[in-house]
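Only one structure is covered here, and it is reproduced in the block below.
Residue numbers (our numbering): 26 to 195.
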């Protein structure tokens with residue numbers, strides 16, 4: 026069920042249990058952020074991080090959700106956890122989006138090959154050409170938690186807080 030640890034993220038075709046589960050190694054990825062800098066699965070080093078897949082920039086639910094993550098970002102940073110948003114939008118659109126929202130975390134473009142990272146995480150919705158709403162907490166190169174919600178519904182910020190709370194102390 027969405028929201029549970031180890032649950033398949035998203036809804037529809039993307040809700041099938043594909044991609045890494047809790048305890049699995051994180052798939053390799055190399056994505057450009059909104060400034061054109063490459064971020065890989067090893068960029069944060071040993072620091073834990075959230076990969077937050079979302080359907081599209083500038084959409085109502087995504088905007089609300091990313092704004093809520095920005096408001097909680099300081100709490101996550103206090104535990105050494107970074108946040109990366111990932112969508113199939115182009116880096117130029119993501120830069121405008123991040124500036125409009127005042128985001129202090131990086132947005133990664135899974136633009137080309139279209140949705141390759143989302144596919145490797147099992148959360149690409151082929152029917153609509155977008156990422157499903159799926160979150161992966163990565164620690165020590167492995168998935169520490171995963172959760173999601175249907176495309177039209179925000180993930181609960183409490184799920185992020187629970188996942189961070191289950192990490193061992195730094």
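Heads up, the beta-carbon is just placed ideally off N, CA and C, and yes, glycines get one too.
Are residue 47 and residue 170 closer than 8 angstroms when you measure CB to CB? Within the chain shown, numbered from 1, the residue matching residue 47 stands at position 22. Within the chain shown, numbered from 1, the residue matching residue 170 stands at position 145. Yes, they are a contact pair.
Residue of 138, 137 and 161 minimising C-alpha distance to residue 148: Here residue 148 refers to the residue found at position 123 when the chain shown is read from its first residue. Nearest of 138, 137 and 161 to residue 148, Cα basis: 161.
By Cβ distance below 6 angstroms, which residues in the same chain neighbour residue 188 in space, the five residues on each side in sequence not counted? For the purposes of this step, residue 188 is identified with residue 163 of the chain shown, where counting begins at 1. Once the five neighbours on either side are set aside, the close Cβ partners of residue 188 are 162 and 170.
Mapping the DSSP letters down to three states, classify residue 86 as helix, strand or coil. As a working mapping, residue 86 is identified with position 61 in the chain shown. Reduced to three states, the DSSP call for residue 86 is helix.
Would you list the one or two residues that DSSP bridges to residue 65? By 1-based counting over the chain shown, the position of residue 65 is 40. Under DSSP, residue 65 forms a beta bridge with 55.
DSSP puts residue 168 in a beta bridge; with which residues? As a first step, residue 168 must be located in the chain shown, where it is residue number 143. Looking at the DSSP assignment, residue 168 forms a beta bridge with 163.
Please classify residue 100 as buried or exposed, where buried requires at least 16 neighbouring CB atoms within 10 angstroms. What you label residue 100 is simply residue 75 of the chain shown in a count that begins at 1. Residue 100 should be labelled exposed.
Beta-carbon proximity of residue 54 to residue 112, cut-off 8 angstroms: In the chain shown, residue 54 corresponds to position 29, counting from 1. In the chain shown, residue 112 corresponds to position 87, counting from 1. No, they are not a contact pair.
I'd like the span of the beta strand (DSSP E) that includes residue 200, first residue to last. An answer regarding residue 200 cannot be provided, because it is not within the stretch 26 to 195 covered by the chain.
Looking at C-alpha atoms only, which residue of 142, 128, 82 and 184 is the closest neighbour of residue 118? Residue numbering aside, residue 118 sits at position 93 when the chain shown is read from its first letter. The shortest C-alpha to C-alpha distance from residue 118 to any of 142, 128, 82 and 184 is the one to 82.
With 16 other Cβ atoms within 10 Å as the buried cut-off, status of residue 92: Position 67 of the chain shown, counted from the first residue, corresponds to residue 92. With fewer than 16 Cβ atoms within 10 Å of its Cβ, residue 92 is classed as exposed.
Classify residue 194 as buried or exposed, calling it buried when 16 or more other Cβ atoms lie within 10 Å of its own Cβ. Residue 194 sits at position 169 when you count from the first residue of the chain shown. Exposed is the call here.
Would you decide whether residue 44 is buried or exposed? Buried here means 16 or more other CB atoms lie within 10 Å of its CB. As a first step, residue 44 must be located in the chain shown, where it is residue number 19. With a 10 Å radius around the Cβ and a threshold of 16 neighbouring Cβ atoms, residue 44 comes out buried.
Can you list, in chain order, the residues of its chain with a C-beta nearer than 6 angstroms to that of residue 77? Leave out the 5 residues immediately preceding and following it. One-based indexing of the chain shown puts residue 77 at position 52. Contacts found: 110 and 160.
May I ask which residues mark the beginning and end of the beta strand (DSSP E) holding residue 112? For the purposes of this step, residue 112 is identified with residue 87 of the chain shown, where counting begins at 1. Annotation: the continuous beta strand (DSSP E) that includes residue 112 extends over 107 to 112.
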